[in-house]
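Only one structure is covered here, and it is reproduced in the block below.
Shown next as structure tokens:
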């Protein structure tokens, strides 16, 4: 059997969540179907945040075809994937267009020339002294709180605890999580400030019970990793400069 | 007991759903209270779709009075009926105004002179070769999908299956339902295109589990019938012309 | 232990609901922490409605400090209290600012100079012949109905029943509750008209199952009392003048 282009089958929910993880930063992506699975990496328009998505080959029910790179419009793809039930297996076929189908419904979408989409970024090597693992639900709750007060939020780690704080013109908030309240914690000294908008976005593709791993440095980009059962998404976020007080 | 005008009692939910079935096409109707029950038929302002509603006498707990025709403002009536619990029996009394009441609440609404409302349409005789019965939920799901792509949708029947397809400038979708996936199917050859907006509207008064019967011809008006346990509503929809490709 | 200012601990839900009860009429209040608990009273900007709130000392888990009066911005306070789970115990500390905290989260808000806030109103002595006790849910349902028809609603009591009616230009509604449908009823003759907007607001801090006690006179201010398990809120509302028919 000679397959032109690519053909794979996977659960609709996996595709939906993976697209959502990308969609918080970018609208068009170059998607690479390789021997290892689907790989996408992209930087947002403001050059502040990067997303790296991997849906491994084993998360697909079947997977065949040549290695290829195509341009995808996430917005339209998101609309289409809604047509399928979360637990349904969807066939994704790529040749001159992209086709999504199950036994009953066929959906055809145009591809974008990948050359019309910004080049893949180089993934930076980061040496980050603190590692914090917590539930997405917990992180989200604190970030939402901080958002009410300020646009920037400070993430800080010392030997004992991980702290998130925000300071508005009049109000302030501080949430301190000691080791016992975290899933895992190896806290080197680290402190960086980030845009709260980004921290909030990173949680969108995750469920409250998913684990979030944060790798943190001082005035340095941080990594936020979601290890979902069927795919992995990593965000790298540039710090903001803390003004002197 | 001499009853002037009309007096009937029925479950609030029946009245509410029947009004909703009308409301998707028209705002003011002539309602006929006859020996057989409540009958309404009306054409929408664009002359594209007709609705025929029958709430049989047996769907009322009690039903008495002369035959009469009154003008109703559906919008106001809809607001009022919300005051009653779905499973409550409501008394509908009509004399110089319309009164809705249960033991506790009395609601009085003005009537509209029926002469101020567009005349009842004549119901066309249609000879339609294909009959398709499916759940409203299934139909709705496919229509919603098609709506994302195009304003028009083609319904097509052949001996084997019923197909709904839509074609946008760039995208297309096709849902094919074979006989085993339909509740009932006697498929003559038929193919007509309709405004997707109307197909969507027709589902509004129905629950996902209700049965929808479609009678289809070729470039010809189609009938969409909802047989609810307490009333029947039939929509007749004019086709759109398919442009040559 | 010398406590400067005030420090008390109470369930987040109590604080949240009490603030909501105030918030329907005013945005900034003078709050008095006294030996008996928290007391607030205020009149709305239009001088039409007054609210009197009492959270007794026993509704706090702990309560210590001097008697003091502070100015609070309800809007900001409402946002902050959302950070705590309803059943969580929150520590409220007041010195130069207001701090809300549990073991993990600390929230700091500025205080307002109480002199910048309108003086506490004098509570009028009212002699009201009718007393009606009903569930908030029942009252809310009828008020919502009346709201569709008119801006004003008449509350009326006679020896037998309590009636709420509204009359629009074309429509009218009337809900009559006899003694058996009320929780308690000692109905002197009384009749006053009120703005339906206010009646609706008074229900916002209450659950449908809470009891509402109405004290009613004729063309006279009425009292609406919510006795929650942890606090008491009383609204006094000026009547509107019924135009002659």
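Chains as they are written, first to last, in my numbering: chain A, 107 to 351; chain B, 107 to 351; chain C, 107 to 351.
Glycine included, C-beta positions come from ideal geometry on N, C-alpha and C.
Judged by DSSP in its simplified three-state form, residue 262(A) adopts strand. The Cβ of residue 297(C) sits no closer than 8 angstroms to any Cβ of chain B. Within chain A, the residues placing a beta-carbon under 8 angstroms from that of residue 215(C) are 276, 277, ordered along the chain.
Apart from the 5 residues on each side of it in sequence, residue 309(C) sits with its Cβ closer than 6 angstroms to the Cβ of 242, 246 in its chain, given in chain order. Annotation: the continuous beta strand (DSSP E) that includes residue 174(B) extends over 174–179.
DSSP lists no bridge partner for residue 225(B). Taking a beta-carbon distance threshold of 8 angstroms, residue 211(B) counts as an interface residue toward chain C. Here DSSP, grouped into helix, strand and coil, assigns residue 245(A) to helix.
Residues of chain C with a Cβ closer than 7 angstroms to the Cβ of residue 185(B) are, in chain order, 254. Look at residue 290(B) here: in three-state DSSP terms it is strand. Residue 254(B) is positioned such that its CB atom lies no closer than 8 angstroms to that of residue 194(A).
Here residue 135(A) has 128, 146, 148, 177, 178, 180, 223 as same chain residues with Cβ atoms under 8 angstroms from its own Cβ, once five neighbours each way along the sequence are excluded. Residue range 118–129 is occupied by the alpha helix (DSSP H) that includes residue 120(B).
The residues 299, 346, in chain order, have a CB closer than 6 angstroms to that of residue 258(B) in the same chain once the five nearest residues on each side in sequence are set aside.
The region 327–345 of chain B makes contact with the region 118–127 of chain B; the number of CB pairs closer than 8 angstroms reaches 3 or more. Contact check for residue 291(C) against residue 238(C) passes: the beta carbons are separated by less than 8 angstroms. The criterion of a C-beta distance shorter than 8 angstroms is satisfied by residue 234(C) and residue 322(C). Residue range 302–308 is occupied by the alpha helix (DSSP H) that includes residue 302(B).
The Cβ-Cβ distance between residue 213(C) and residue 236(C) does not fall below 8 angstroms. Going by DSSP, residue 340(C) is part of the beta strand (DSSP E) stretching over 338–343. Cβ contact annotation for residue 198(B) (same chain, cutoff 8 angstroms, sequence separation greater than five): 112, 113, 114, 115, 116, 121, 204, 205, 206, in chain order.
In terms of Cβ geometry, residue 211(A) and residue 125(A) do not form a close pair [threshold 8 angstroms]. Against chain A, a Cβ distance below 7 angstroms from residue 189(C) picks out 251. For residue 158(A), the pairing in a beta bridge is given by DSSP as 147(A), 340(A).
What residue 281(C) touches in chain B, judged by beta-carbon distance under 7 angstroms, is 210, 211, going in chain order.
Contact of residue 182(A) with chain B is assigned, a C-beta pair being separated by under 8 angstroms. CA-to-CA, the gap between residue 201(B) and residue 324(C) works out to about 34 angstroms. Secondary structure of residue 220(B) (DSSP, three-state): helix.
In the structure shown, the three-state DSSP call for residue 187(B) is helix. With contacts defined by Cβ atoms closer than 8 angstroms, residue 216(B) and residue 277(C) form a contacting pair. Residue 302(B) is not a Cβ neighbour of residue 344(B), given a cutoff of 8 angstroms.
According to the DSSP assignment, residue 270(A) belongs to the beta strand (DSSP E) that extends over 267–273. Less than 8 angstroms separates the beta-carbon of residue 230(B) from that of residue 327(B).
Cβ neighbours of residue 141(A) within its own chain (closer than 8 angstroms, five residues either side excluded): 163, 173.
Under DSSP, residue 316(C) takes part in no beta bridge, so it has no partner.
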